[in-house]
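Participant: When we follow my numbering, the leftmost residue of the sequence shown carries the number 16, and every step to the right adds one.
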Amino acid sequence: VSSSSSTYNEPHRPQIHFSPEAHWMNDPNGMVFFNNQYHLFYQYYPDSTVWGPMHWGHATSKDLIHWQNLPIALYPDSLGYIFSGSAVVDINNTSGFGKNGKAPLVAIFTHHDPKGEKSGSNTFQNQSLAYSLDEGITWKKYDSNPVLKNPGIKDFRDPKVSWFEPDKKWIMTLATLNDITFYSSKDLKDWTKESEFGQKLGAHGGVWECPDLFPLTYNGQKIWVLIVNINPGGPNGGSATQYFTGNFDGHTFTPNQTNTKWLDYGPDEYAGITWSNTGSRKIFLGWMSNWQYANVVPTEKWRSATTVPRELGIEKVGQQFLVTSKPVSELSTLAAAPVAIKNIKARKFDVTAKAGKMEGPFRLELSADKLESYSITFSNKLDENVVVGFDKAANEYYIDRTRSGKVDFEKGFAKRHTAPRFSSRQSEKMTLIVDNASIELFADNGRSTMTAIFFPHEVYSNIQIKSTSNLNIKSLVLTKLK
Ligand code: FRU
């Protein structure tokens with residue numbers, strides 16, 4: 016929801032997801048909670064609807080849902096474009112950028128020098144700083160940038176910085192071609208290499224980008240999560256977010272499991288990382304697109320949006336640690352009176368006949384005691400549709416957008432995407448967040464997550480549920496989100 020929502024009425028315009036008023040965006044950047052405001056910066060090209068010289072756009076929110084657009088925070092300069100990175104509240108003024116007892120907001124980002132790249136050098140990506148003393152409205156770049164120089168690695172970017180309290184130091188988690196390098200610093204300016212991780216672990220179908228490192232608590236035990244975005248090489252093609260679980264001791268990340276895990280199996284969550292300075296609550300936000308077609312999706316005024324903010328948790332399923340995702344509870348600030356349907360027992364159920372048309376953004380929550388194959392079809396009167404379902408024999412969820420509307424802008428777009436189910440529970444708890452041009456599936460109580468975008472010629476407003484055996488749905492709750 017945007018402050019200027021009167022101008023947010025174009026076809027396919029997300030209503031409950033952040034999107035820039037106009038022009039191109041990709042990764043969310045520098046997300047930080049400060050003085051009761053959530054800041055969102057993002058990769059932004061204000062002159063076109065395709066990727067170009069990168070700026071950091073800026074928006075703030077008090078509840079993660081209603082966003083106010085603000086002036087561009089960072090512009091390209093003689094050192095290059097402003098690529099992805101993070102922001103921290105430097106509470107102890109370790110950087111010395113603070114003034115009169117005021118803690119600075121410090122942004123740590125990649126300077127990407129297009130001239131260097133063209134000239135064939137390998138050192139065109141370097142890490143730099145900027146700081147703000149007025150709540151992120153205006154920024155001053157550090158005059159001794161860059162602070163971390165490239166040692167000769169072509170892809171050397173996307174610093175995610177966090178405070179490591181036991182050693183009273185900052186840790187930078189950096190994507191370095193096909194692995195992660197950890198650096199540490201006492202003042203955000205002088206960085207020392209600590210270790211490398213991952214060359215032989217996880218998925219390597221593309222370069223590693225946009226990492227994140229943070230602990231979650233499982234049964235009183237600290238489990239560290241290392242997020243590594245990868246492009247291409249995702250589980251359903253193109254870009255996607257993988258993660259590792261393990262331990263971090265201030266120097267080295269030691270995984271406790273080496274299988275490849277994905278935070279979101281769908282095609283359209285990428286470059287996702289978490290907010291800084293939110294205590295033990297971990298709030299994740301991704302870019303809701305895929306590099307495979309992001310530049311050609313059929314929107315005219317703007318391109319791309321973010322996912323819904325998601326709260327991360329950790330669970331053990333069998334021997335495996337799994338990071339779970341759920342839409343943040345703040346989403347309910349948009350909730351209209353819910354329509355609840357109880358005990359659906361049939362092979363086919365016309366939700367629309369019972370609950371009326373569901374146009375625009377809404378949430379669908381389904382719970383069942385017995386897990387059966389089912390499909391939920393969202394369609395319009397042009398017979399375009401998106402089908403979300405569970406296939407019991409394959410033990411997987413799917414989102415099928417083959418006949419979703421405009422699909423021929425890219426040949427791989429019209430597809431059925433799948434995600435495994437992990438738990439062996441017989442019950443099901445599933446939440447879908449549906450906006451004009453996207454669906455986010457949080458299945459198996461958040462253990463399997465998928466995001467997909469689509470571009471129907473008319474919004475979907477009909478919902479039908481089908482099954483090959485008798486459905487046994489305990490409750491289905493539909494809530495419009497306004
Ligand atoms: C990820 C990414 C980052 C980079 C930015 C450039 O989507 O490629 O690695 O910093 O986008 O816009």
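Note that CB positions come from ideal geometry on N, CA and C, so glycine has one too.
Identify, in the order they occur along the chain, each residue of the same chain with its Cβ nearer than 7 Å to the Cβ of Leu-486, setting aside the five sequence neighbours on each side.
Facilitator: Excluding sequence neighbours, Leu-486 sits near Ile-359, Lys-360, Ala-361, Arg-362, Phe-364, Glu-387, Tyr-389 and Ile-480.
Participant: Which of helix, strand or coil does DSSP assign to Thr-339?
Facilitator: In this structure, Thr-339 counts as strand in the three-state DSSP scheme.
Participant: Which runs of the beta strand (DSSP E) at least 3 residues long sit entirely within the region 165 to 219? Give them in chain order.
Facilitator: With a minimum length of 3 residues, the continuous beta strand (DSSP E) runs that stay inside the region 165 to 219 are 171 to 179, 184 to 191, 194 to 200 and 207 to 212.
Participant: What's the call for Phe-424, buried or exposed, on a 16-neighbour Cβ count within 10 Å?
Facilitator: Phe-424 is exposed by the Cβ-count criterion.
Participant: Looking at the secondary structure, which residues open and close the beta strand (DSSP E) in which Glu-411 lies?
Facilitator: Its beta strand (DSSP E) spans residues 411 to 415.
Participant: Is it buried or exposed for Val-121, if we count other Cβ within 10 angstroms and need 16 for buried?
Facilitator: Buried, because 16 or more other Cβ atoms sit within 10 Å of the Cβ of Val-121.
Participant: Should the region 208 to 227 be called in touch with the region 162 to 177, which here means at least 3 C-beta pairs below 8 Å?
Facilitator: The answer is yes - the region 162 to 177 touches the region 208 to 227, with three or more Cβ pairs under 8 Å.
Participant: Got a sec, what are the start and stop residues for the beta strand (DSSP E) Lys-444 sits in?
Facilitator: 443 to 450 is the extent of the beta strand (DSSP E) around Lys-444.
Participant: Given 7 Å as the limit, tell me if Met-373 has its C-beta closer than that to any heavy atom belonging to the ligand FRU.
Facilitator: No.
Participant: Should the region 313 to 330 be regarded as contacting the region 439 to 456, the criterion being three or more beta carbon pairs within less than 8 Å?
Facilitator: Touching, yes.
Participant: Expressed to the nearest angstrom, what Euclidean distance is found between the alpha-carbon atoms of Asn-7 and Thr-64?
Facilitator: Given that the chain is displayed from residue 16 to residue 497, the structure contains no residue 7 and the question cannot be resolved.
Participant: From what residue to what residue does the alpha helix (DSSP H) around Glu-132 run?
Facilitator: Element bounds for Glu-132: 129 to 133.
Participant: The beta strand (DSSP E) spanning Ala-255 covers which residue range?
Facilitator: Per DSSP, Ala-255 belongs to the beta strand (DSSP E) from 255 to 263.
Participant: Using the Cα positions of Asn-234 and Asn-395, report the straight-line distance between them to the nearest angstrom.
Facilitator: Between Asn-234 and Asn-395, the C-alpha separation is close to 46 Å.
Participant: For Gly-427, I'd like the list of residues in its chain whose CB is within less than 7 Å of its CB, leaving aside the five on either flank, ordered along the chain.
Facilitator: Correct list, in chain order: Gly-252 and Gln-307.
Participant: Using a Cβ-Cβ cut-off of 6 Å (strictly less than) and excluding sequence neighbours within five positions of Phe-179, which residues of its own chain qualify?
Facilitator: Correct list, in chain order: Ile-186 and Gly-265.
Participant: So which of Gly-151, Thr-153, Lys-184 and Arg-172 has the shortest CA-CA distance to Pro-161?
Facilitator: With distances taken between Cα atoms, Pro-161 lies closest to Arg-172.
Participant: Which same chain residues end up closer than 6 Å to Trp-71 when comparing Cβ atoms and leaving out the 5 residues on each side of it in sequence?
Facilitator: The answer, listed in chain order, is Asn-44, Phe-56, Ala-88, Leu-89 and Ile-97.
Participant: For Arg-296, collect the residues of the same chain with a Cβ closer than 8 Å to its Cβ; drop the 5 residues on either side in sequence, then sort them by chain order.
Facilitator: Contacts found: Glu-326.
Participant: Taking Val-222 as the reference, which of His-73, Thr-191, Leu-346 and His-127 has the closest Cα?
Facilitator: Of His-73, Thr-191, Leu-346 and His-127, the residue nearest in Cα terms is Thr-191.
Participant: State the CB to CB distance for the pair His-73 and Gly-151, rounded to an integer number of angstroms; the pair is presumed to be in contact (CB under 8 Å).
Facilitator: About 6 Å; that satisfies the 8 Å criterion.
Participant: Please list the terminal residues of the continuous alpha helix (DSSP H) segment that includes Val-366.
Facilitator: Per DSSP, Val-366 belongs to the alpha helix (DSSP H) from 366 to 370.
Participant: Does the beta-carbon distance from Leu-349 to Leu-493 come in below 8 Å?
Facilitator: No; because the gap between Cβ atoms is not below 8 Å, this pair is not in contact.
Participant: Does the beta-carbon of Tyr-308, which I'm using as the reference point, lie nearer than 7 Å to any heavy atom of the ligand FRU?
Facilitator: No, the Cβ of Tyr-308 stays beyond 7 Å of every heavy atom of the ligand FRU.
Participant: Could you tell me the distance, in whole angstroms, from the CA atom of Gly-111 to the CA atom of Asp-105?
Facilitator: Roughly 9 Å separates the two Cα atoms.
Participant: Can you give me the start and stop residues for the beta strand (DSSP E) that Ala-102 sits inside?
Facilitator: 96 to 104 is the extent of the beta strand (DSSP E) around Ala-102.
Participant: Following the continuous beta strand (DSSP E) through Leu-456, name the residue where it begins and the one where it ends.
Facilitator: 453 to 458 is the span of the beta strand (DSSP E), which, as asked, contains Leu-456.
Participant: At 3 residues or longer, what runs of the beta strand (DSSP E) sit wholly inside the region 241 to 306?
Facilitator: The region 241 to 306 contains these whole beta strand (DSSP E) runs: 255 to 263, 268 to 270, 276 to 279, 285 to 289 and 298 to 302.
Participant: Where does the unbroken beta strand (DSSP E) through Arg-378 begin, and where does it stop?
Facilitator: Arg-378 -> beta strand (DSSP E) spans 377 to 383.
Participant: Can you grab the Cα-Cα spacing for the pair Phe-268 / Arg-431, in whole Å?
Facilitator: For Phe-268 and Arg-431, the distance between alpha carbons rounds to 35 Å.
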